[in-house]
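Engineer:
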Amino acid sequence: MLISGVMNPGDIDPESRAPAAHAPLSAELTPVEALVHHAYSIPGDLPLEQTERTFRERNTEYLALTRNDRVTGLCSRRKLGELMASRFGFALHGREPAHSAQVDRPLVFEQGSPVRGLLSAAMARQGDAFHEDVVIVDAEHRLVGLVPAERLAHLQSRIMAEQFRQLEGRNLELRRTNEALGQAQALWIGLFESSLLGVALLDSDGRIQAYNRRFALLLGLPSGEAAGAHLRDFLPEADRDRWPSVIPAGPGSPPVKSELPLRVADRGTRLFRIAADWITATGHACLCIDDITDQRALERRMKQNEKQVLLDTLVGGIAHELNNKLTPVMGFAELLAGCADERTRNSYVGLVSKYTAEAAGIIRQLLHLSRPETGQRLRVDLREVVRDTLIMLKFQLRESRTQLHTELPNEAVEVSADPAQLKQVLINLVINALHATEHRSDGQIVIRLRREEAAAELEVRDNGSGMPPEVQQRIFDPFFTTKAPDRGTGLGLSVCQSILRQHAGSIAVESEPGRGARFLVSLPVAAGSANAAAVPAPVPVRAAPGERTGAGRVLVVDDEDSIRLLLGQVLGHRLGCRVDFASNGAAALESARASRYDLVVSDVRMPGMSGTELYSQLLDSDPALARRFVFVTGHAGDSELSHTLAAWDVPVLRKPFSPAEVTAVCGPLLGGGNLAA
């Protein structure tokens with residue numbers, strides 16, 4: 001009988017067979033064949049008495065059973081002992097085959113199998129089977145060796161220890177990560193809560209998910225009240241539909257910057273600068289707000305103060321120019337009284353009209369420049385801005401030795417702007433150029449206007465003293481000046497830059513010491529102005545002396561006798577109207593109720609009921625007459641009044657006015673329809 005059995009290298013402790021220390025393998029990666037303790041086997045038909053002797057010789061508890069070198073089972077020394085231990089055991093069972101003592105369901109694994117699968121199956125066994133060796137075979141089912149349960153338990157312990165170490169490492173890493181996250185969160189909260197800006201996180205629907213204390217403070221909200229509120233809830237009623245434009249549309253959308261009024265508890269509406277960006281990682285819009293109401297008010301005051309400085313600079317020259325205009329008016333008016341010759345009298349009248357119109361033009365420009373900023377944008381031809389500005393600078397230009405050259409295009413160059421603010425910019429630039437050239441006998445200033453595609457460019461160039469680079473870098477800084485204290489505040493160019501930025505424009509400077517300076521103002525042209533030059537300007541309808549363009553009954557309302565008399569003469573003699581008079585709004589309202597009129601010409605500001613109140617009353621009581629209404633005013637600087645008149649779209653005669661202007665404005669209103677008898 002052949003008994004095969006060779007000690008397997010698995011007799012050596014698996015740990016001693018592990019790879020070098022510098023590249024250790026995890027216990028879970030241990031190959032199952034490395035766990036083999038021995039590879040002893042016996043034929044399955046070997047008699048039990050010989051099997052018992054083999055167990056004693058091999059000193060093992062299990063032997064593999066084979067047939068034709070293929071494993072057929074696992075023989076147990078304990079089961080063999082149970083058979084042979086009786087009094088006649090050897091006699092009864094000694095010649096029985098070895099497979100009589102085999103275990104019921106031996107655990108057999110092929111070499112190369114995952115050790116975790118082997119451990120799972122072995123550790124799941126119950127009762128005596130838990131202690132049985134595991135049989136390892138090759139692909140041909142030949143014996144590789146037996147793995148004792150003790151080794152499996154040892155390996156399981158190693159794996160558990162390794163898992164515990166990994167768990168400890170992960171826990172340590174998790175603690176460190178949590179600490180880092182806690183620090184990052186504390187840092188973020190610190191930055192979030194200490195920000196001088198109000199910060200809020202909004203979802204894509206515009207609802208506030210989180211916000212800092214500054215956000216609540218700026219909007220005057222108690223803690224927690226803003227959570228879940230919608231952005232539109234903070235906008236004034238007229239602006240609520242604008243909320244989608246305040247935040248980015250979603251991932252990939254560019255940041256949004258805007259200035260909007262927001263409602264503040266107990267403080268009314270305040271102006272805020274708003275910046276918003278999309279946070280892709282969280283799916284929120286980050287909204288930053290800052291109250292700039294006071295800042296804008298300060299800027300307006302600075303601009304108005306700088307405008308006052310300009311007016312102080314101009315007032316002497318303007319007074320001189322007005323005296324030049326008013327002197328012949330007074331002189332020729334006096335000569336008219338004693339003039340008998342009709343031809344000479346007509347000549348004097350023409351001169352009085354001419355100089356009066358020129359004086360009125362100077363006053364009108366002065367009123368426009370001095371009025372407070374309204375923010376209202378008008379369609380403005382920059383050529384007219386240049387011409388009007390030079391009228392106010394005429395005295396300064398004449399007194400200096402500097403030559404002025406203007407280059408204006410034949411076509412209109414229209415922008416959307418506040419004309420008074422643009423005149424303020426140009427006056428600043430020209431006065432600076434005059435100061436820079438005052439010590440030159442050949443000083444020159446060139447004002448050039450041109451259109452470059454979608455931009456209007458206004459250039460002011462001089463050949464004065466110029467500026468070094470360090471001055472150019474600071475020239476637009478507030479309160480920076482190189483002039484003497486009595487010649488500048490250092491705010492002029494800073495205010496100019498602020499004005500142009502508010503008009504979506506810019507200002508740049510080029511200069512070298514001793515070679516003059518070039519300031520370039522750029523403004524976007526008004527929409528639809530490309531063909532403005534092709535449309536001829538409307539020619540006002542002027543009635544010739546004695547020509548009657550209409551007939552009807554007119555009510556003239558003014559508290560000044562001279563204005564009532566002048567309007568009565570023009571409307572009666574030139575337009576052939578029957579004219580009634582009232583000195584205030586209340587008297588005019590009574591007349592309008594008692595009589596029927598085709599036109600009302602009313603001053604705006606009067607004692608008692610004003611012209612605007614009179615118009616409001618007529619809108620309710622006589623809408624047809626309200627449609628035939630003309631305002632007379634000499635107050636060009638009242639922004640509230642200007643907005644009111646613009647909203648009503650009522651014709652306006654601005655003092656001083658000429659008879660021809662009265663005819664041009666009132667004539668068309670009297671020229672059609674059913675007139676009062």
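At position 47 of the sequence shown the residue is numbered 47 (the UniProt record's numbering), and the sequence of numbers has no breaks.
We treat Cβ as the ideally placed atom computed from N, Cα and C, and that holds for glycine.
All figures in this text were calculated on a predicted structure; none of them were measured in a lab.
Using beta-carbon positions only, say whether VAL662 and PHE631 come within less than 8 Å of one another.
Structural biologist: No; because the gap between Cβ atoms is not below 8 Å, this pair is not in contact.
Engineer: Count the other CB atoms, across all protein chains shown, that sit within 10 Å of the CB of GLY608; report buried if there are 16 or more and exposed otherwise.
Structural biologist: Counting Cβ neighbours within 10 Å, GLY608 comes out exposed, since fewer than 16 surround it.
Engineer: What's the C-alpha gap between ARG58 and LEU46?
Structural biologist: Between ARG58 and LEU46, the C-alpha separation is close to 16 Å.
Engineer: How far does the alpha helix (DSSP H) with LEU80 in it reach, from first residue to last?
Structural biologist: Here the alpha helix (DSSP H) through LEU80 covers 77–84.
Engineer: Mind the definition here: the region 377–386 touches the region 403–422 only if three or more C-beta pairs lie below 8 Å; say whether that holds.
Structural biologist: As far as the Cβ criterion goes, the region 377–386 touches the region 403–422, which means the pair count is three or higher.
Engineer: Could you have a look at PHE332 and say whether DSSP puts it in helix, strand or coil?
Structural biologist: Looking at PHE332 - three-state DSSP - the assignment turns out to be helix.
Engineer: Does the structure place the region 393–412 close enough to the region 465–476 that three or more beta carbon pairs sit under 8 Å?
Structural biologist: The region 465–476, when compared against the region 393–412, does not touch it at the 8 Å Cβ threshold.
Engineer: Buried or exposed for THR402, going by 16 or more other Cβ atoms inside 10 Å?
Structural biologist: Classification of THR402: buried, given that the 10 Å Cβ count is 16 or more.
Engineer: Just how far apart, CA to CA, sit ARG165 and ARG175?
Structural biologist: For ARG165 and ARG175, the distance between alpha carbons rounds to 15 Å.
Engineer: Alpha carbon to alpha carbon, how far is ALA275 from ASP258? Give it in angstroms, no decimals.
Structural biologist: Asp is not the amino acid found at residue 258; the sequence shown has Ser there. Answer to the nearest angstrom: the Cα atoms are 7 Å apart.
Engineer: Taking buried to mean at least 16 other C-beta atoms within 10 Å of its own C-beta, is GLU52 buried or exposed?
Structural biologist: Label assigned to GLU52: buried.
Engineer: Between which two residues does the alpha helix (DSSP H) harbouring PRO524 extend?
Structural biologist: It is not in any alpha helix (DSSP H) - PRO524 instead sits in the beta strand (DSSP E) that spans 517–524.
Engineer: Could you check whether THR66 and LEU143 sit closer than 8 Å to each other, using their CB atoms as the reference points?
Structural biologist: In contact: LEU143 and THR66 (Cβ atoms closer than 8 Å).
Engineer: What is the DSSP secondary structure of ILE447, counted as helix, strand or coil?
Structural biologist: In the structure shown, ILE447 sits in a strand (DSSP, three-state: E or B).
Engineer: Rounded to whole angstroms, how far is the Cβ of LEU520 from the Cβ of ALA508, which I believe are closer than 8 Å?
Structural biologist: With 8 Å as the limit, LEU520 and ALA508 qualify as a contact, their Cβ atoms being about 5 Å apart.
Engineer: Along the beta strand (DSSP E) that carries LYS257, what are the first and last residues, could you check?
Structural biologist: Unbroken beta strand (DSSP E) run through LYS257: 256–264.
Engineer: Please name the residue in ARG214, ALA149 and ILE208 whose C-alpha comes closest to that of SER195.
Structural biologist: Comparing Cα positions, the closest option is ARG214.
Engineer: What's the call for ASN432, buried or exposed, on a 16-neighbour Cβ count within 10 Å?
Structural biologist: When all chains shown are included, ASN432 counts as buried.
Engineer: Enumerate in chain order the residues of its own chain whose CB-to-CB distance from LEU619 is below 8 Å, with the five nearest sequence positions on each side excluded.
Structural biologist: Cβ within range, chain order: ALA626.
Engineer: Quick one: grab the DSSP three-state call for PHE395.
Structural biologist: Residue state, collapsed to three classes: helix.
Engineer: Kindly indicate the opening and closing residues of the beta strand (DSSP E) around ASP620.
Structural biologist: Where ASP620 is concerned, there is no enclosing beta strand (DSSP E), although the alpha helix (DSSP H) it sits in stretches over 611–621.
Engineer: Count the other C-beta atoms from every protein chain shown that fall within 10 angstroms of the C-beta of ARG628, then say buried if there are 16 or more, exposed otherwise.
Structural biologist: Classification for ARG628: buried.
Engineer: Can you tell me whether VAL665 is buried or exposed, with buried defined as 16 or more other CB within 10 angstroms of its CB?
Structural biologist: With 16 or more Cβ atoms within 10 Å of its Cβ, VAL665 is classed as buried.
Engineer: What number of angstroms, rounded off, separates the C-alpha of SER465 from the C-alpha of LEU434?
Structural biologist: One C-alpha to the other measures close to 11 Å.
Engineer: Return the first residue and the last residue of the alpha helix (DSSP H) that ALA122 is part of.
Structural biologist: Taken as a continuous stretch (DSSP letters only), the alpha helix (DSSP H) holding ALA122 covers 115–123.
Engineer: Just list the alpha helix (DSSP H) runs in the region 97–182, keeping only unbroken ones of 4 residues or longer that don't cross its boundaries, in chain order.
Structural biologist: Entirely contained in the region 97–182, the alpha helix (DSSP H) runs reaching 4 residues are, in chain order, 115–123.
Engineer: Start and end of the beta strand (DSSP E) containing ARG270?
Structural biologist: Element bounds for ARG270: 268–279.
Engineer: Across which residues does DSSP place THR406 in a beta bridge pair?
Structural biologist: Partner(s): ILE447.
Engineer: Name the DSSP beta bridge partners of THR633, please?
Structural biologist: Looking at the DSSP assignment, THR633 forms a beta bridge with ARG654.
Engineer: Tell me which residue opens and which closes the beta strand (DSSP E) that LEU287 is part of.
Structural biologist: Segment 284–291, the beta strand (DSSP E) holding LEU287.
Engineer: What first and last residue would you give for the alpha helix (DSSP H) that runs through VAL579?
Structural biologist: Premise fails: VAL579 lies in the beta strand (DSSP E), 578–582, not in any alpha helix (DSSP H).
Engineer: By alpha-carbon positions, which one of LEU181, ASN463, ILE292 and ALA229 ends up nearest to LEU218?
Structural biologist: Checked all of LEU181, ASN463, ILE292 and ALA229; the closest Cα to LEU218 is ILE292.
Engineer: For VAL329, which option in GLN308, SER347, VAL108 and SER353 has the closest C-alpha, if you only look at C-alpha atoms?
Structural biologist: The shortest Cα separation from VAL329 among GLN308, SER347, VAL108 and SER353 belongs to SER353.
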